[in-house]
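Residue numbers (this note's numbering): 393 to 620.
Idealized CB from N, CA, C, for every residue including glycine.
Here is the structure we will look at.
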């Protein structure tokens, strides 16, 4: 069941509940005031059950729902924010133990339309893109609570080279490049990781360069020569 169907079903149940409350068959208003965090938990479950799920963001949504529900039912005697920070620390620890990209199922690569410049953004989701641009100039990539797999092995750099700016926050990027490209990296990971797994051919004076500027916070970036 997709997210739209779940949302539609939730609306139907809410409508039926309020109707029964109006007809005095049940005290639905009181029930919903206590149990509404179940909707957040359901959203997190639907989030994880998608075809290409970002597991950690889904767990975070579920965790928030569980904390709110426990607070409403008085199972915990502290405020939401007092309990939220330990939960966030746990999620951060998990994101550091497991590579962000390992939390995503492999999907087929889809063609990215670049016209020389590439712009990819993912938020609470995942993308798998392939670029075969013969005049690739670079672009911007942002992965926040999500993962991006980008295949550039069939692309060719512009004569002046290319600049790729990457920002991974609680997210990850797997970048595949040809062996004949020259690569230069600039950036510092903060509570995250950057791995260069490429095996580059010996560059000469005519070798074009891909400059990668990166910021990684609680995430990971891997650059390799895999052909997908």
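Around the beta-carbon of residue 573, 16 or more other beta-carbon atoms lie within 10 Å, marking it buried. The three-state secondary structure of residue 438, taken from DSSP, is helix. Between residue 432 and residue 453, the C-beta spacing is below 8 Å.
Within the same chain, 409, 410, 412 and 413 come within 8 Å of residue 420 by CB-CB distance, once the 5 residues on both sides are set aside.
By the Cβ neighbour-count rule, residue 558 is buried, with 16 or more other Cβ atoms within 10 Å of its own.
Taking C-beta atoms as the reference points, residue 517 and residue 531 fail to come closer than 8 Å. DSSP places residue 455 within a helical segment (H, G or I) once states are collapsed to three.
Closest in alpha carbon position to residue 462, among 534, 475 and 451, is 475.
Using a Cβ distance threshold of 8 Å, residue 563 and residue 585 do not count as a contacting pair. Between residue 600 and residue 549, the beta carbon gap of about 4 Å places them in contact (Cβ cut-off 8 Å). The Cβ-Cβ distance between residue 430 and residue 455 does not fall below 8 Å. Shown here for residue 619: same chain residues with a beta carbon closer than 6 Å to its own, the five before and five after excluded, namely 545 in chain order.
For residue 482, the secondary structure class from DSSP, reduced to helix, strand or coil, is helix. Take residue 587, set aside five residues on each side of it, and the residues of its chain with a beta-carbon closer than 6 Å to its own are 614, in chain order. Within a 10 Å sphere around the beta-carbon of residue 436 sit 16 or more other beta-carbons, which makes this residue buried.
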